[in-house]
Every structure is written in C-alpha cells, then in structure tokens.
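The letter at position 108 of the sequence shown is residue 109 when you use this note's numbering, and the numbering goes up by one with no holes.
Note that the Cβ used here is the ideal one computed from N, Cα and C, for glycine as well.
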Amino acid sequence: MTDKHYNRRDFVRKGVKGLTGFVDNLREEPTHDTADAGDIRIMSAMADYPGKDGHISAFIARPDGPGVYPAIIVIHEIFGLVDHIKDVAIRLAREGFVAIAPDLFSREAPLQHQNDATMMLDLVRSIPDSRFLNDLVAAIAHLNVLTFVDEKRIGALGFCMGGLYAYLMAARTPRLSAVADFYGRVAYPGYTAIKPEAPIDVVSRLHCPILGIFAGEDHVVPVDDVHRLKDTMMEHKKSFEIKVYRNAPHAFFNDTRTSYRPDEAHDAWRRTINFFRKHLEGPNT
C-alpha cells in the first residue's frame, strides 16, 4: 500500500478545504467482508499529529464526500501500523466513518524486528502505558480540529495490545462514545510501575459502552479472565456487550495470518459496525 504523507498543518488545511488534494488509495479488490459495503469512494493518507513529547504518524481514511462524520481511532497490535490495520481503517471509511490509526511506535521507527513477536512484546513491555495512552488521547485532539469530524461522536477500536489500550482509554477520558476491544488482555500476569492497571482494574471508571470480542481458544487471553470481566462489568452496572467465539484462536480477525477464521471474523465485523452505528449514531450525511 502506497500512501501520501501530510504533516498536521497540511492535513488540517486540507481538512478545511475538503481534502481535495488527497490520493484515493482504494484497492482494486475488496478485502474480506467489505464487498457488501457498497461502492463508497474514500480518501486516505499518512499524517502527523503532535503527541505529548513527540510527533505521531497516523494513517487516516475518510469517505470522499461533503459532510461531518463520526470517527474511530484504530489501535494496532504489537506488530505496529501494518497494512492489515490500514485495511481496517479503509473498511471503516467504506462504512461511513473517519478512521485514524496512530503508529504507537513512531518514536522507535524504523522497527528492526517488526515481525518478531517476542522482540515486539519485549518492546511493548518497556514502554509505559501512560505514553501509549497520552498518544491516543492526543489523537482525539487531532480529530477535533478536522472539519469533517463530529467531535461528539468518536469511538475506538483496538486489536490485541490495541484492544487493551482502547479499553483503558475508555476509563481515561470521557471524550469517547464507544469502544470495541478485540481480544485485548483483561489482566496483566504481573504489574509494574509502568504497567500499573489492566482493564479488569478500571471497570468502575469506564465512561462509555464497551464491546468485547474474544476467542474461546485464545492462548493470550484466558476465557476465565473474560468471565471475570463480564461479572465485574455487571457488578458496576456498566453498558457492555461481550461475545466469545468458542472455537476461534487469538487474532482470528487478522486475515493476513494463519489464525484467521473467516466466519467468526465476518460475524465480529458485523457486530462491531452495528455497535458503532448504535452508539455513534451513524454517519451524518
């Protein structure tokens, strides 16, 4: 995938002018589960936005047309801002949402071992959760200055590592209206000074509805943890939906991996779009 790159000033300026200079990066062939999305033309590009202590690169996709749209922050797995995550953003744009996918490893780029799960996990463990969360909250601020985004209708969607941070964002800021978590870790196996809280610990502070998508054969997120999360959500009377795909493995939604399960992925995508349409009220065209 080839992307045009804009800095934040360019992106804001072009947002004011309707992004007429954007390159249309739609693929010739629809990806899994997008054939029924209709022939919606989109625009996409790489852009920078300011984080607390450095600039963050992000992939942004939006419907190509006038109007103000709800937005969704797409949070990647431990492998970073790969084409699969960009594809998810494009699929959301096809559904009528603005999607921004920050590269949470912007400061570490270029990554030398991006495909090595063990080394990437070690990298994630070395970075404070506060840094990731600050960069994600900064993405909300960036969306707020884009003229085609309705700042009152912003959600987050995360996968694995990103699911955990999407969930923690829901407890961190009241500026999200809905969060979907795909098989994010529910509890840390061990807590540290830079990893002080996991989703199970922040349920009482959640500000918005949660959709949890989990896998019954997940080697990363035990089903017992999911049951504990559900019980805790009920105890605190939170608005949530949890779906466990009994025979699916971890990362079953990622169609670039052998773990991909098309039937479960299709159903999970349908649930996710319906969830965001319900809580973000759909696109304002």
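Helix, strand or coil for residue i? Go by DSSP, reduced to three states.
i    : result
A171 : helix
P64  : strand
A59  : strand
S178 : coil
Y166 : helix
D104 : coil
I79  : coil
I201 : helix
K18  : Confidence at K18 is low in this model, with a pLDDT of 33, below 50, so the placement of that residue is unreliable and no value is reported for it.
In the DSSP assignment, what are the bridge partners of residue i?
i    : result
V99  : A72
F183 : F160 and I214
Y50  : I57
I41  : DSSP, once it has assigned bridges, lists no residue as partnering I41.
I195 : Answer is none; I195 lacks a bridge partner.
I91  : Answer is none; I91 lacks a bridge partner.
I86  : I86 pairs with nothing; no bridge assigned.
Apart from the five residues on each side of it in sequence, which residues of its chain come closer than 8 Å, Cβ to Cβ, to residue i?
i    : result
A38  : Only weak support is given to the placement of A38: the predicted model assigns it a pLDDT of 42, under 50, and the question is left unresolved by the model.
V221 : C161, Y184, R186 and H251
N116 : F80
S131 : I195
Who are the near neighbours of residue i in its chain, counting only those whose CB is closer than 6 Å to its CB and skipping five residues on each side?
i    : result
F23  : Summary for F23: the model assigns pLDDT 35, below 50, so the residue's position carries little reliability, and this model does not support an answer.
K239 : L207
A188 : A199, I201 and D226
I57  : Y50, P103, S107 and D136
E109 : none
E282 : none
A62  : I43, S45, A90, I91, A94 and A100
P210 : A179, S240 and H280
A167 : I76, A157, G159, V180 and D182
Checklist entry - So, do the segment 77–84 and the segment 113–133 have three or more beta carbon pairs nearer to each other than 8 Å? => result yes
Item to check | Length at least 4, wholly inside the segment 218–286: the alpha helix (DSSP H) runs in chain order | outcome: 224–236 and 263–281
Next on the checklist: Threshold first: 4 residues or longer. Then list the alpha helix (DSSP H) segments lying entirely within the segment 118–153, N to C.
Outcome noted: 118–127 and 130–145
Checklist entry - Within the chosen definition, does the segment 68–76 reach the segment 151–171 through at least 3 CB pairs nearer than 8 Å? => result yes
Checklist entry - Just checking, does the segment 121–140 make contact with the segment 169–181 on the three C-beta pairs under 8 Å criterion? => result yes
Item to check | Cβ pair count under 8 Å reaching 3, the segment 219–236 against the segment 255–269 | outcome: no
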